Amino acid sequence: MQKLIVGVTGLFLALLIVLSVLLWPAHKQVRAAAVEVPGVSVFDSLKTPEGPVRIYYVNTSDQKLPDSVLTHSVFIFEWADGRQFMLDAGMTEARAIEFGENIELALGGDRAQPHGNIASVLGRDIERVSGVGFTHLHIDHTEGVGIFCENTSSEPMLLQTSRQATAHNFNTTEGASIVNSSCLKGQVVDRPGIVTSDVFPGLGFMGIGGHTPGSTLFAAWLGDQLYVFSGDITNSKAEIIEDKPKQLVYSYLLVPEDTEQAARLRQWLRELDAMDQVTVVVSHDLGDIENSGLAEWTGRP
Ligand SMILES: [Zn+2]
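Per the numbering used here, numbering through the sequence shown is continuous, rising by one, with the last residue being 303.
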């Protein structure tokens, strides 16, 4: 019996060593993307009368989990002249159901309920989208780009950091290849601090790492309220407020994360969200998005 226990322990340790060696490059890569978090004044540069006049959310698919409702959200920033910028693309209905089955296995909960892909939801307004960005290149944020491009005649500008464009691991290569072979025309911009584009005044983005090497935070003011889009640094707002890290199996084996940077970002986002004029928006947290003050996209107003 003792021999068996020693044998099983040895096998487990050997497996752990093999996994560590295999995953080491991905962990090293995501740690290289860590940045120091700036003070809140970094967002002052985004305040401009030319900035977006509306920000909508689209719930492309949702899934009831034991203690929250997970959504695959898309955010649409709109300027006074009708131009729009799309943040993330969700998934097609079929892919959302398939993705939901894996979530069901891992976390429990109900079946995923798709509400349409981003092209069907935007309808003819899809032509107004002249810029696109991604919080990161995981498939649940990028797969919808295919159907988006099939339904638009324009070639929207893709705003991303060079790290998002080039630093990939086994979880982002599929999303990156979908984006790279799409109708989006890449504009890689790299500057320290928050990056802006003259084409989309008031919208800023910066690489933050933590979840993936290319994880990027987007932010914009709507009047006196600053909206900060934190992507998948956490899966819910509660994880920010309660400073709750993701499960070790997730962060070390399934999705190699920089857990130290994620902890720094949770603290920073918690401090930001506690300010009256700042709202942090978590991509997958439907309940929080519905309470964020952003309007749900229901078509042209
Ligand atoms: Zn995600």
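We treat Cβ as the ideally placed atom computed from N, Cα and C, and that holds for glycine.
Just so we're clear, the structure is a prediction, and the values are computed from it rather than from any experiment.
Handout entry: beta-carbon D287 near ligand 1 non-hydrogen atom, thresh 7 Å
Key = Checking every heavy atom of ligand 1 against the Cβ of D287, none is found closer than 7 Å.
Exercise for the section: Would you tell me roughly how many angstroms separate the C-alpha atoms of S122 and F14, rounded to the nearest one? Expected result: When rounded, the distance between both Cα atoms is 48 Å.
Handout entry: Contacts around L224, its chain only, beta-carbon distance under 7 Å, and the 5 residues preceding and following it disregarded
Key = P54, I57, listed in sequence order.
Exercise for the section: Grab me the residues of S70's own chain with a C-beta within less than 7 Å of its C-beta, minus the 5 sequence neighbours each way, in chain order. Expected result: Cβ within range, chain order: S238, D287, G289.
Exercise for the section: Less than 8 Å between the CB atoms is what I'm expecting for G146 and A91, so what's the real figure, rounded? Expected result: With a Cβ gap of about 4 Å, G146 and A91 count as contacting.
Exercise for the section: May I ask whether a heavy atom of ligand 1 can be found less than 7 Å away from the beta carbon of D64? Expected result: Result no, Cβ not under 7 Å from ligand 1.
Problem - Per-residue burial, T236 [other beta carbons within 10 Å of its own, 16 or more giving buried] - result: Note on T236: 16 or more other CB atoms within 10 angstroms of its CB, so buried under the neighbour-count rule.
Practice task
Check the C-beta distance from G12 over to F87 and give it rounded, since I have them as a contact under 8 Å.
Solution key: No, G12 and F87 are not in contact; Cβ-Cβ is about 54 Å, not under 8 Å.
Practice task
Taking only beta-carbon positions, decide if L25 is within less than 8 Å of chain D.
Solution key: No chain D appears in this structure, which consists of one protein chain only.
Exercise for the section: State the Cα-Cα distance for the pair H213 and I291, rounded to the nearest angstrom. Expected result: Rounded to the nearest angstrom, the two C-alpha atoms are 20 Å apart.
Problem - Status (buried if at least 16 other CB within 10 Å, exposed otherwise) for S164 - result: Result: exposed.
Handout entry: In DSSP terms, what T218 is bridged to
Key = Note: T218 sits in a beta bridge opposite G209.
Handout entry: Cβ neighbour criterion (16 or more within 10 Å) applied to K248
Key = Answer is buried; the Cβ neighbour count reaches 16.
Problem - Beta-bridge pairing of G233 - partner residues as DSSP gives them - result: Residue pairing of G233 in beta bridges, as defined by DSSP: V284.
Exercise for the section: Please confirm whether any heavy atom of ligand 1 lies closer than 7 Å to the CB of Q142. Expected result: A small correction: the amino acid at residue 142 is Asp; Gln does not occupy that position in the sequence shown. Yes, the Cβ of D142 comes within 7 Å of a heavy atom of ligand 1.
Exercise for the section: Alpha carbon to alpha carbon, how far is T281 from S294? Give it in angstroms, no decimals. Expected result: S294 and T281: Cα-Cα distance of roughly 7 Å.
Exercise for the section: Might you give, ordered along the chain, the residues of its own chain that have their beta carbon closer than 6 Å to the beta carbon of L109, omitting 5 neighbours on each side? Expected result: Same-chain partners within the cutoff: L67.
Exercise for the section: Tell me whether the beta-carbon of G188 lies closer than 8 Å to the beta-carbon of A169. Expected result: For G188 and A169, no; Cβs fall outside 8 Å.
Practice task
Provide the residue span of the alpha helix (DSSP H) that contains L107, from first to last.
Solution key: Per DSSP, L107 is one residue of the alpha helix (DSSP H) stretching across 95 to 109.
Handout entry: Three-state class that DSSP yields for H29 in the structure shown
Key = In this structure, H29 counts as helix in the three-state DSSP scheme.
Practice task
Determine, using beta carbons only, whether G216 and H138 come nearer to each other than 8 Å.
Solution key: In contact: G216 and H138 (Cβ atoms closer than 8 Å).
Problem - Euclidean distance between Cα positions of G204 and A222 - result: About 6 Å.
Exercise for the section: Look up F77 in the DSSP assignment and give the residues it is bridged to. Expected result: DSSP lists Y59, L89 as partners of F77.
Exercise for the section: Determine the burial state of D46: buried for a count of at least 16 other Cβ atoms within 10 Å of its Cβ, exposed for fewer. Expected result: When all chains shown are included, D46 counts as exposed.
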